[in-house]
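Just so we're aligned, residue 22 is where the sequence shown starts under my numbering, counting upward by one.
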Amino acid sequence: MSVTSSRKISTAVAAQQRGHSLDRIFYKDEDIYQAELDQFFLKHWIFAAHTSQIPDIGNYLNLNFDSESIIVVRSENNEIKAHLNICRHRGSRLCIEDSGTTKRFTCPYHAWSYRLNGELATARNMPDDFDYAENGLHSVKLELVGGLIFISLSASPPSLKAMRNDLGGLLSHLGIDRLSLAHQKRYVIQANWKLALENYQECYHCAPSHHEFAKIHAMAKSPEVYQKLKSEYWAKYPNNIKFQQFSRYFGLAEHGQEGYQYDRNPLLPNKVSGSKSGAAVAPFIGDLESYDGGASELMIGPVSFFLIYDDHVLGYRFLPLSKDQCVCDVFWFVVENAHNGRDYDLDQLTWLWDVTTQADKTIIANNQKGVNSRFYKSGRLSEMETFQQCFLDWYLQMLSPKAD
Ligand code: FES
Ligand SMILES: [Fe+2]
């Protein structure tokens, strides 16, 4: 980055008032967007998929954002691998379909072919001194967390050790390694990615914007009512492993460790799941016990979130397509071997979070329209936007050049 650009970013960071929404420049400036790619999306861990989405050798899926594409594949020896989706010959996008099954990846341009483990298998008419071993696909760092596959495009990503120490047993208890995907949907949002992420981090908007959600989740209530309901709920289950809190997100993460967060929150009385009526919509997940009327919130890395009901699990992932457009990928998981029509009804399962995410897509795009105006001025945050403030503090710190 040029000196002028980094000076511009430093000036913007210094001018930003704490306790307020971001200044317009952070949503509009191309240099800032490029710095964000470097500091966030090319560095941190991103949820790619659940292992059950690629159960057989040769199953693959692509994770795409901005100008990047990563192939996640179950390779010949049953190991899950991630490769850059770039041919080593002249750089064509290699794997065009977003998901599928293959024995090899064959480039659509000059037909170099690669094994599932990334090794170059065939390259036609190459000189005698051409080295196959030197021309395998570039590998991408990958870690499994329970059944969750995370990738990082950094050569030295933050460590997941602290997260594993705190959450490993808990995730297994919650049955995260025994899920299967029921449905996945990409919501393209006409807004800068931060507006989408910030929106997800505050429930100030839940009561006015999400009537359906507000009928089920206690979180949409005022902070006082919510805290009262939460204390009563936690008091009912004093020794249950699900009832833990870890707040190591953003700036609260240990140095060198990836951020994470876990908490268990109450639903409203007589509700047990995130559905239209609050009733269960799929078979129970996890170790055998009864519905307790709550849901766990889990975050691993800055852009991947999970909402864990007792009968289904939502995954959310926020990724930029460009400075002005982003996606929220939503995943609905049920317990393994559950079938649509027999064990659950897909429309009922997906109803609440489809309607909620559609509403978010609209309010976030409207937010961007207002911010686009040259008359926009950053506004004061509420007491219900403290998590968002925590993100903003960390964001600004990551964005500003490090002091020597
Ligand atoms: S660019 Fe892939 S084979 Fe030529
Ligand atoms: Fe929302």
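Just so you know, even glycine gets a beta-carbon here, dropped at the ideal spot from N, CA and C.
Under the three-state DSSP convention, the category residue i falls into
i: residue 144; result: coil
i: residue 426; result: The chain is shown only over 22 to 425; residue 426 falls outside these bounds and no answer can be derived.
i: residue 293; result: coil
i: residue 65; result: coil
i: residue 49; result: helix
i: residue 97; result: coil
i: residue 110; result: coil
i: residue 431; result: Only positions 22 to 425 of the chain appear in the structure, and residue 431 is not among them; the question remains open.
i: residue 301; result: coil
i: residue 396; result: coil
i: residue 269; result: strand
i: residue 104; result: strand
i: residue 425; result: For residue 425, the predicted structure reports a pLDDT of 40, less than 50, and the residue's modelled location is therefore unreliable. The matter cannot be settled from this model.
i: residue 88; result: coil
i: residue 310; result: coil
Same chain, Cβ closer than 7 angstroms to residue i, neighbours up to 5 away in sequence not counted
i: residue 138; result: 96, 97, 102
i: residue 106; result: 83, 90, 91, 92, 114, 115, 116
i: residue 417; result: 34, 37
i: residue 403; result: 225
i: residue 424; result: Because the pLDDT of residue 424 is 44, which lies under 50, any placement of that residue in the model is unreliable, and the number read from its coordinates should be weighed accordingly. Hits under 7 angstroms: none found.
i: residue 169; result: 68, 71, 197
i: residue 315; result: 254, 285, 286, 287, 288
i: residue 413; result: 43
Residue span of the alpha helix (DSSP H) that contains residue i, given as start and end
i: residue 420; result: 407–420
i: residue 227; result: 227–230
i: residue 217; result: 214–221
Residues sharing a beta bridge with residue i, DSSP
i: residue 180; result: 278
i: residue 317; result: 285, 329
i: residue 234; result: None, per the DSSP bridge assignment.
i: residue 41; result: 401
i: residue 164; result: 171
i: residue 127; result: 134
i: residue 83; result: 92
i: residue 261; result: For residue 261, which the question treats as bridged, DSSP gives no partner whatsoever.
i: residue 71; result: 169
i: residue 361; result: 365
Bounding residues of the beta strand (DSSP E) (the contiguous stretch that carries residue i)
i: residue 336; result: 334–343
i: residue 372; result: Segment 367–393 is the alpha helix (DSSP H) holding residue 372; no beta strand (DSSP E) there.
i: residue 445; result: Given that the chain is displayed from residue 22 to residue 425, the structure contains no residue 445 and the question cannot be resolved.
i: residue 122; result: 120–122
i: residue 350; result: 346–356
i: residue 204; result: 200–210
Proximity winner among the options, relative to residue i (alpha-carbon distances)
i: residue 265; options: 401, 277, 285; result: 285
i: residue 271; options: 218, 132, 94; result: 218
i: residue 110; options: 131, 122, 94, 123; result: 131
i: residue 183; options: 302, 81, 31, 276; result: 276
i: residue 204; options: 221, 350, 244, 326; result: 350
i: residue 389; options: 39, 128, 215, 100; result: 215
i: residue 279; options: 320, 59, 146, 260; result: 320
i: residue 80; options: 126, 52, 282; result: 126
i: residue 340; options: 368, 61, 30; result: 61
i: residue 330; options: 347, 371, 338; result: 371
i: residue 323; options: 155, 179, 128, 386; result: 179
i: residue 154; options: 413, 148, 144, 140; result: 140
i: residue 428; options: 30, 56, 262; result: Lying before the first or after the last residue shown, residue 428 is absent from the chain, which here runs from 22 to 425.
i: residue 342; options: 46, 26, 51; result: 51
i: residue 162; options: 181, 148, 151; result: 181
i: residue 78; options: 66, 121, 86; result: 121
Cβ shell of residue i (< 6 angstroms), same chain only, five flanking positions each side left out
i: residue 48; result: 213, 392
i: residue 42; result: 399, 400
i: residue 187; result: 267
i: residue 242; result: none
Cβ shell of residue i (< 8 angstroms), same chain only, five flanking positions each side left out
i: residue 299; result: 236, 237, 288, 289, 291, 292, 293
i: residue 304; result: 332, 355, 356, 359, 364, 365
i: residue 32; result: none
i: residue 377; result: 231, 233, 234
i: residue 220; result: 226, 381, 384, 385, 388
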